[in-house]
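Peer 1: Chains as they are written, first to last, in the numbering used here: chain V, 2 to 344; chain F, 2 to 344.
The structure follows.
There are 2 protein chains.
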Amino acid sequence: MAAHGEDRRLAVLRAIVEDYVATREPVGSKALAERHALGVSPATIRNDMAFLEEEGYIAQPHTSAGRVPTDKGYRLFVDRLTTVKPLSVAEKRAIHSLLDGAVDLDDVVDRAVRLLAQLTRQVAMVQYPSLARSTVRHVELVPVGGHRLLVVLITNTGRVEQRIVDVGLDPGEGLLGDLRARLNAATSGRRLTEVATVVSGLPEAFLPDDRPLVRTVLDALEDSLSIEREERIVLAGTANLARSGPDFARSIGPVLEALEEQVVLLKLLSEMAEDLSAVGVRIGRETELDNLAEVAVVASGYGSQGEIVARLGVLGPTRMDYPMTMAAVRAVARYVSRILSAG
Amino acid sequence: MAAHGEDRRLAVLRAIVEDYVATREPVGSKALAERHALGVSPATIRNDMAFLEEEGYIAQPHTSAGRVPTDKGYRLFVDRLTTVKPLSVAEKRAIHSLLDGAVDLDDVVDRAVRLLAQLTRQVAMVQYPSLARSTVRHVELVPVGGHRLLVVLITNTGRVEQRIVDVGLDPGEGLLGDLRARLNAATSGRRLTEVATVVSGLPEAFLPDDRPLVRTVLDALEDSLSIEREERIVLAGTANLARSGPDFARSIGPVLEALEEQVVLLKLLSEMAEDLSAVGVRIGRETELDNLAEVAVVASGYGSQGEIVARLGVLGPTRMDYPMTMAAVRAVARYVSRILSAG
DNA sequence: ACTGGCACTCCGAGGACCGGAGTGCCAGCT
DNA sequence: AGCTGGCACTCCGGTCCTCGGAGTGCCAGT
Numbered sequence: 002m003a004a005h006g007e008d009r010r011l012a013v014l015r016a017i018v019e020d021y022v023a024t025r026e027p028v029g030s031k032a033l034a035e036r037h038a039l040g041v042s043p044a045t046i047r048n049d050m051a052f053l054e055e056e057g058y059i060a061q062p063h064t065s066a067g068r069v070p071t072d073k074g075y076r077l078f079v080d081r082l083t084t085v086k087p088l089s090v091a092e093k094r095a096i097h098s099l100l101d102g103a104v105d106l107d108d109v110v111d112r113a114v115r116l117l118a119q120l121t122r123q124v125a126m127v128q129y130p131s132l133a134r135s136t137v138r139h140v141e142l143v144p145v146g147g148h149r150l151l152v153v154l155i156t157n158t159g160r161v162e163q164r165i166v167d168v169g170l171d172p173g174e175g176l177l178g179d180l181r182a183r184l185n186a187a188t189s190g191r192r193l194t195e196v197a198t199v200v201s202g203l204p205e206a207f208l209p210d211d212r213p214l215v216r217t218v219l220d221a222l223e224d225s226l227s228i229e230r231e232e233r234i235v236l237a238g239t240a241n242l243a244r245s246g247p248d249f250a251r252s253i254g255p256v257l258e259a260l261e262e263q264v265v266l267l268k269l270l271s272e273m274a275e276d277l278s279a280v281g282v283r284i285g286r287e288t289e290l291d292n293l294a295e296v297a298v299v300a301s302g303y304g305s306q307g308e309i310v311a312r313l314g315v316l317g318p319t320r321m322d323y324p325m326t327m328a329a330v331r332a333v334a335r336y337v338s339r340i341l342s343a344g
Numbered sequence: 002m003a004a005h006g007e008d009r010r011l012a013v014l015r016a017i018v019e020d021y022v023a024t025r026e027p028v029g030s031k032a033l034a035e036r037h038a039l040g041v042s043p044a045t046i047r048n049d050m051a052f053l054e055e056e057g058y059i060a061q062p063h064t065s066a067g068r069v070p071t072d073k074g075y076r077l078f079v080d081r082l083t084t085v086k087p088l089s090v091a092e093k094r095a096i097h098s099l100l101d102g103a104v105d106l107d108d109v110v111d112r113a114v115r116l117l118a119q120l121t122r123q124v125a126m127v128q129y130p131s132l133a134r135s136t137v138r139h140v141e142l143v144p145v146g147g148h149r150l151l152v153v154l155i156t157n158t159g160r161v162e163q164r165i166v167d168v169g170l171d172p173g174e175g176l177l178g179d180l181r182a183r184l185n186a187a188t189s190g191r192r193l194t195e196v197a198t199v200v201s202g203l204p205e206a207f208l209p210d211d212r213p214l215v216r217t218v219l220d221a222l223e224d225s226l227s228i229e230r231e232e233r234i235v236l237a238g239t240a241n242l243a244r245s246g247p248d249f250a251r252s253i254g255p256v257l258e259a260l261e262e263q264v265v266l267l268k269l270l271s272e273m274a275e276d277l278s279a280v281g282v283r284i285g286r287e288t289e290l291d292n293l294a295e296v297a298v299v300a301s302g303y304g305s306q307g308e309i310v311a312r313l314g315v316l317g318p319t320r321m322d323y324p325m326t327m328a329a330v331r332a333v334a335r336y337v338s339r340i341l342s343a344g
């Protein structure tokens, strides 16, 4: 961008984005001059618009129509033109009152995703706290009905995983207690990703006769760590897609498809939210997913003790209210983090 | 319906439904005479059509257009004109191979819902096995980190519910063992709905000093029984809604809204699937939900030992292939039932 | 560097037109 | 009776045209 006159050009871009978001229609120079106190005439604005179009920040749907921001235009808007828009007190109160009522982790996730959908009027996504980053709080072995054993894993995020495993014969309470003690000693406080390695030598500590049983239990434990099964995303507000106006109607099929591909969403989210406090934005083709070419994703990480444990965010038409959406995502992420840290 | 000529009129209705489902366009008398060997001329068919319209089984979108089945027409088709359409071997094989690979209850539900969406090319819904109908297999109490206790409830459907509860002080292993034994003796094999009553007298069996602790544990246990939290439905294939053709586009918003109202869906499903082997169908306004006025729901119960434990089904435009859809729903329900009975 | 003026473009709404598909009805045939 | 061919009628939906309006680019003037 040229050095001189740059300020006004940016102001024009900002005005275009804001008006387009508000009206959902291409915006022309005249309307712009009227609605925004830019202090110049429509003709001047037209010159600026020609420049912005040259640079690829805006485009015309067709000759002699108004301008519409491009992905690149939104990007600039988000990066440089957006001012933090604090949430209203009503919104803040909604966050507090809704999330404080949660009884357990599932409930927190469930409430958070609904809240986010409602606040932003878009599709909300919350990833379950990933097992990979969390640590072991406790491992428990419970004999259940004869020679079956319930293996329970509790993490620091409050997540509980369990498996029932058939160990062939009834292990005595002595062996069970021993195994339980050694297991907890070895794993307590460790990252879930480390568990597999720290328990690998464990069977040697037992009598040869008991080792098959120990190995079965360890297999079950490691099975409950297999992260791909548990890296789940919960969605809410998909109906908001249909509210986004008729021009968006043809995009909604592809978007629904993408939303069913949890793996793809997970990948996208993890690329976007690298650290705890930042809110990441991907606009249109930046997602590098054809199905999401017409939408933008706003996401943030959440977690406890400064460590990211999972992500959450929203998805909506590129023509969205970025400042509001980003504020909502950030606020909810922070509040969920706080709850996790407290619990 | 009149006694004479009734057979052919039904045949005409069947032909109209089949053609409309296939072509998605109003079907006229001429096309009908050509595509189906009804043995009569278009003019005769027109008379029959006039009659069917009189009776409310079909309707014209506008004068001098072809006919379209009404909800009532589909109803008659489903009740009297549909012949069981067995699944193809490929479909059967898909069911077996996919569902047999499931590792636990969550996985069964997850796979079943995807499978159903794929087989029917519609929106699939699977309700989690309801806690209300299932029975207690085992209750376990696990001390975890100081004065906290993990209360685990295992049901005959393989579902595991757990709560962590703060009991204030460390209960001795003796008290814990006693409580555990009495709990299991009282509840094992009982319906979850009965649990609250059968444990109500339990605190009296303990020393007055221990009773607060016992009550805390019982509260946690009863909390995990609260069915409304766990009566969940899993969805898949929502993107199929968008594939249902442009005429269906305006319905998809309302339908997505309805799909987010789990409570409403649950109510609908439980009204529809009363016993294990039957497949229930609700067509259009029969659902008594405005949002679902343009769709039909096909559902069935599943469970073990002849008892219904939850429901599953699909949802799609009223213009759907009922025989195929009903066959798929029935097959998947049966297979899931078999898995539950085996595990 | 900005502005007013002006000629030009192009969309989209509105209206006329027309072909086609489909219907209802009737008279005649079996 | 019940079925059929024939016929007049309706109405949708595509096509074509017109026309007003919004918006643009450019240029000369301040």
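Built from N, CA and C at the ideal position, the CB exists for glycine as well.
For V/ASP20, count neighbouring C-beta atoms within 10 Å of its own C-beta (all shown protein chains included) and say buried if the count is 16 or more, exposed if not.
Peer 2: Buried is the call here.
Peer 1: If you scan the stretch 55-135 of chain V from start to end, which runs of the beta strand (DSSP E) of 3 or more residues do you find wholly inside it?
Peer 2: Segments of the beta strand (DSSP E) lying fully in the stretch 55-135 of chain V: 124-128.
Peer 1: Are the Cβ atoms of F/THR158 and F/SER135 separated by less than 8 angstroms?
Peer 2: Contact: yes.
Peer 1: Since F/GLY285 and F/ALA300 are thought to touch, with beta carbons under 8 angstroms apart, how far apart are those beta carbons, to the nearest angstrom?
Peer 2: Incorrect: roughly 15 angstroms between the Cβ atoms, too far for contact.
Peer 1: If you drop the 5 nearest sequence neighbours on each side, which residues of the same chain put their C-beta closer than 7 angstroms to that of V/SER271?
Peer 2: The answer, listed in chain order, is ARG312.
Peer 1: For the alpha helix (DSSP H) holding F/GLU174, just list the boundary residues, first then last.
Peer 2: Its alpha helix (DSSP H) spans residues 174-188.
Peer 1: To which residues does DSSP link V/HIS1 through a beta bridge?
Peer 2: In this structure chain V extends from 2 to 344, so residue 1 of chain V is not present and cannot be described.
Peer 1: For a cutoff of 8 angstroms on Cβ pairs, would you count V/ILE253 as touching chain F?
Peer 2: So, interface residue.
Peer 1: Please list, in chain order, the residues of the stretch 93-123 of chain V that have any C-beta partner in chain F closer than 7 angstroms.
Peer 2: Residues: none.
Peer 1: Flag this pair as touching only if the stretch 12-30 of chain V and the stretch 40-52 of chain V have three or more C-beta atom pairs under 8 angstroms; answer yes or no.
Peer 2: Touching, yes, given that three or more Cβ pairs across the two stretches are closer than 8 angstroms.
Peer 1: If you run the structure through DSSP and keep just helix, strand and coil, what is F/ARG192?
Peer 2: Residue state, collapsed to three classes: strand.
Peer 1: Where does F/GLY302 sit, in a helix, a strand or coil, going by DSSP?
Peer 2: Correct three-state label for F/GLY302: strand.
Peer 1: From the DSSP secondary-structure annotation, give me the bridge partner or partners of F/THR156.
Peer 2: In the DSSP output, where bridge partners are listed per residue, F/THR156 has F/VAL137.
Peer 1: Short check: CB of F/THR217 to CB of V/LEU257, under 8 angstroms?
Peer 2: Their beta carbons are not under 8 angstroms apart, which means F/THR217 does not touch V/LEU257 by this criterion.
Peer 1: Between the stretch 232-254 of chain V and chain F, which residues of the former have a C-beta closer than 8 angstroms to a C-beta of the latter?
Peer 2: For the stretch 232-254 of chain V, which is checked against every Cβ of chain F, the residues closer than 8 angstroms are ALA237, GLY238, THR239, ALA240, LEU242, ALA243, ARG244, ALA250, ILE253, GLY254.
Peer 1: When you compare each of F/THR156, F/LEU150, F/GLY175 to F/GLY169 by their alpha carbons, which one comes out closest?
Peer 2: Selected option, being the one with the closest Cα: F/LEU150.
Peer 1: Check the Cβ-Cβ distances between F/VAL265 and every residue of chain V, and say whether any is below 8 angstroms.
Peer 2: With 8 angstroms as the cut-off, F/VAL265 does not count as an interface residue toward chain V.
Peer 1: From V/VAL124 to V/VAL330, what does the alpha carbon distance come to, in whole angstroms?
Peer 2: Roughly 12 angstroms separates the two Cα atoms.
Peer 1: With a threshold of 16 other CB atoms inside 10 Å of the CB of V/VAL310, please say whether the residue is buried or exposed.
Peer 2: With 16 or more other Cβ atoms within 10 Å, it is buried.
Peer 1: Which residues in chain V have a C-beta closer than 7 angstroms to the C-beta of F/THR163? List them in chain order.
Peer 2: Position check: residue 163 of chain F holds Gln in this sequence, whereas Thr was assumed. Chain V residues near F/GLN163: VAL161.
Peer 1: When the cut-off is 8 angstroms and only beta carbons count, does V/ASP261 lie next to chain F?
Peer 2: With the sequence shown as reference, residue 261 of chain V is identified as Glu, and Asp is not the correct amino acid for it. At least one chain F Cβ lies under 8 angstroms of V/GLU261.
Peer 1: In terms of alpha-carbon separation, which member of F/ARG112, F/ARG15, F/ARG181, F/GLU308 lies closest to F/ARG81?
Peer 2: Nearest option by C-alpha distance: F/ARG15.
Peer 1: What residue range does the beta strand (DSSP E) around V/PRO318 cover?
Peer 2: Per DSSP, V/PRO318 belongs to the beta strand (DSSP E) from 308-318.
Peer 1: Kindly indicate which three-state DSSP category F/GLY254 falls into: helix, strand or coil?
Peer 2: DSSP places F/GLY254 in helix when its eight states are reduced to three.
Peer 1: Does any CB atom of chain F fall closer than 8 angstroms to the CB of V/ILE155?
Peer 2: It does: the Cβ of V/ILE155 has a partner Cβ on chain F nearer than 8 angstroms.
Peer 1: Could you spell out where the beta strand (DSSP E) holding F/GLU162 opens and where it closes?
Peer 2: Where F/GLU162 is concerned, the enclosing beta strand (DSSP E) stretches over 161-167.
Peer 1: Below 8 angstroms on C-beta distance, what does V/LEU257 contact in chain F?
Peer 2: Within 8 angstroms Cβ-Cβ: THR239, ALA240, LEU242, ALA243.
Peer 1: Run through DSSP, which three-state label would V/LEU151 get?
Peer 2: Three-state result, V/LEU151: strand.
Peer 1: Please tell me whether V/LEU290 has its Cβ less than 8 angstroms away from any Cβ of chain F.
Peer 2: No, because no Cβ of chain F sits closer than 8 angstroms to the Cβ of V/LEU290.
Peer 1: Does V/GLU141 pass the burial test, meaning 16 or more other C-beta atoms within 10 Å, or should it be called exposed?
Peer 2: Buried, since its Cβ has 16 or more Cβ neighbours within 10 Å.
Peer 1: Suppose you measure from the CA of F/ALA250 to the CA of F/HIS37; what does that come to, to the nearest Å?
Peer 2: C-alpha separation (whole angstroms): 30 angstroms.
Peer 1: For a contact defined as C-beta to C-beta under 9 angstroms, what are the partners of V/LEU151 on chain F?
Peer 2: Chain F residues near V/LEU151: HIS139, GLU141, VAL153, ILE155, VAL161.
Peer 1: Going along the chain, which residues of its own chain have a beta-carbon closer than 7 angstroms to the beta-carbon of V/ALA12, five neighbours each way excluded?
Peer 2: These residues qualify, in order along the chain: LEU39.
Peer 1: So who's on the other strand from V/GLY281, going by DSSP bridges?
Peer 2: Beta-bridge pairing links V/GLY281 to V/ALA300.
Peer 1: Counting Cβ pairs, one atom from each stretch, are 3 or more of them under 8 angstroms apart for the stretch 82-91 of chain V and the stretch 325-340 of chain V?
Peer 2: Enough Cβ pairs lie closer than 8 angstroms, so yes.
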